[in-house]
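So the mapping is simple: this note's numbering equals the position in the sequence shown, first residue as 1, plus 6. C-beta: ideal position from N, C-alpha, C; glycine also.
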Amino acid sequence: MKLLKDKVMAEGIVLGENVLKVDSFLNHQMDPVLMREVGSEFARRFAGEGITKVLTIESSGIAPAIMTSLELGVPMIFARKHKSLTLKDDILVEKVYSFTKRESNEITVSRKFLHPEDRVLIIDDFLANGEAAFGLARIVEQVGASVVGVGIVIEKSFQPGARLLEEAGYRVESLVRIASLENGTVAFVEDVHE
Ligand code: G4P
Ligand code: NA
Ligand code: NA
Numbered sequence: 007m008k009l010l011k012d013k014v015m016a017e018g019i020v021l022g023e024n025v026l027k028v029d030s031f032l033n034h035q036m037d038p039v040l041m042r043e044v045g046s047e048f049a050r051r052f053a054g055e056g057i058t059k060v061l062t063i064e065s066s067g068i069a070p071a072i073m074t075s076l077e078l079g080v081p082m083i084f085a086r087k088h089k090s091l092t093l094k095d096d097i098l099v100e101k102v103y104s105f106t107k108r109e110s111n112e113i114t115v116s117r118k119f120l121h122p123e124d125r126v127l128i129i130d131d132f133l134a135n136g137e138a139a140f141g142l143a144r145i146v147e148q149v150g151a152s153v154v155g156v157g158i159v160i161e162k163s164f165q166p167g168a169r170l171l172e173e174a175g176y177r178v179e180s181l182v183r184i185a186s187l188e189n190g191t192v193a194f195v196e197d198v199h200e
């Protein structure tokens, strides 16, 4: 997605060899026009899949997910990382380990928003090791619903998440794919291999 690539080139800051800081449009300040385009692109790629829900995880997944769900005309659900005071319902819980943060978190979704007949599109801002996406997929599968695919704004293709998700049978659509962040430079997959 050219608009997103241009934004990454113009505003992304490489931290070390592994982390791309994009707090001017995705992780802190958010660019609503760009998010609308991101939502349209996911909706276009997953059109005809009969999606009934979009599922993400707080906080940075919420913006791309809500724009996608608006475009698809279905509700969006975000998994919570901290138990909500008012979440007294029957909840679905999964453990998600973060290699980046070296900690495990429990993510939760109220059972009342997911049903066996749901066809769910998982959306997230970054894909690194895939732990968050796998945790969301396990939540969907706990209720017997279907994961239609995984839509990612920025995939770090040099980390194993995309490959592991595809090997597990999930369709992964990433709007930009980063081959490397070596030497303080963003190299996109298409520029390296395609
Ligand atoms: P994984 O789910 O793919 O295994 O990723 P990981 O545990 O490494 O991710 C932990 C957090 O770090 C996630 O955000 C993820 O989006 C973010 N992250 C991973 N790699 C990058 C990167 O290169 N750049 C940026 N900016 N973020 C990255 P989170 O803690 O859930 O935060 P948020 O959603 O509240 O923003
Ligand atoms: Na994030
Ligand atoms: Na996220």
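Residues near residue i in its chain [Cβ-Cβ closer than 7 Å; skip 5 each side]
{"i": "G190", "result": "V20"}
{"i": "A49", "result": "T74, E77 and L78"}
Residue i versus the options, residue with shortest Cα-Cα distance
{"i": "Q165", "options": "G45, F132, V99 and N111", "result": "F132"}
{"i": "K13", "options": "M36, H88 and V149", "result": "M36"}
{"i": "R169", "options": "V146, R86 and A139", "result": "A139"}
{"i": "N135", "options": "L9, N24, A16 and M15", "result": "N24"}
{"i": "P122", "options": "S110, E100, Q148 and Y176", "result": "Q148"}
Beta-carbon spacing of residue i, residue j below 8 Å
{"i": "P70", "j": "G45", "result": "yes"}
{"i": "I6", "j": "L26", "result": "It is not possible to answer for residue 6, since the shown part of the chain is limited to 7 through 200."}
{"i": "D124", "j": "G67", "result": "no"}
{"i": "V195", "j": "G18", "result": "no"}
{"i": "V154", "j": "I57", "result": "yes"}
{"i": "L181", "j": "M41", "result": "no"}
{"i": "L98", "j": "R117", "result": "yes"}
{"i": "V115", "j": "I72", "result": "no"}
{"i": "P81", "j": "K107", "result": "no"}
{"i": "A85", "j": "L120", "result": "no"}
{"i": "K87", "j": "I113", "result": "yes"}
Close beta carbons around residue i, own chain, < 6 Å, minus the five adjacent residues each side
{"i": "V178", "result": "V156, A168, L171 and E172"}
{"i": "N33", "result": "S66"}
{"i": "S152", "result": "R125"}
{"i": "R183", "result": "E161, S163 and V195"}
{"i": "V28", "result": "G18"}
{"i": "S186", "result": "F164 and A193"}
{"i": "A174", "result": "none"}
{"i": "E6", "result": "Because the chain is modelled from 7 through 200, residue 6 falls outside the range shown and cannot be assessed."}
{"i": "E100", "result": "I113, G141, R144 and I145"}
Rounded distance between the beta-carbons of residue j and residue i, thought under 8 Å
{"i": "L127", "j": "F52", "result": "6 Å"}
{"i": "E137", "j": "V102", "result": "5 Å"}
{"i": "L9", "j": "E64", "result": "Not quite, the Cβ-Cβ distance comes to about 25 Å (not below 8 Å), so this is no contact."}
Contacting residues, own chain, Cβ-Cβ under 8 Å from residue i (five flanking each side not counted)
{"i": "G150", "result": "P122"}
{"i": "M15", "result": "V192"}
Where in the stretch 22 to 62 do unbroken runs of the beta strand (DSSP E), each at least 3 residues long, occur, reported from the N-terminal end onward? Listed in chain order, the complete beta strand (DSSP E) runs (minimum 3 residues) inside the stretch 22 to 62 are 25 to 27.
Could you tell me which uninterrupted beta strand (DSSP E) segments, each at least 3 residues in length, are contained entirely in the stretch 123 to 196, listed from first to last along the chain? Complete beta strand (DSSP E) runs here, min 3: 125 to 133, 152 to 162 and 178 to 186.
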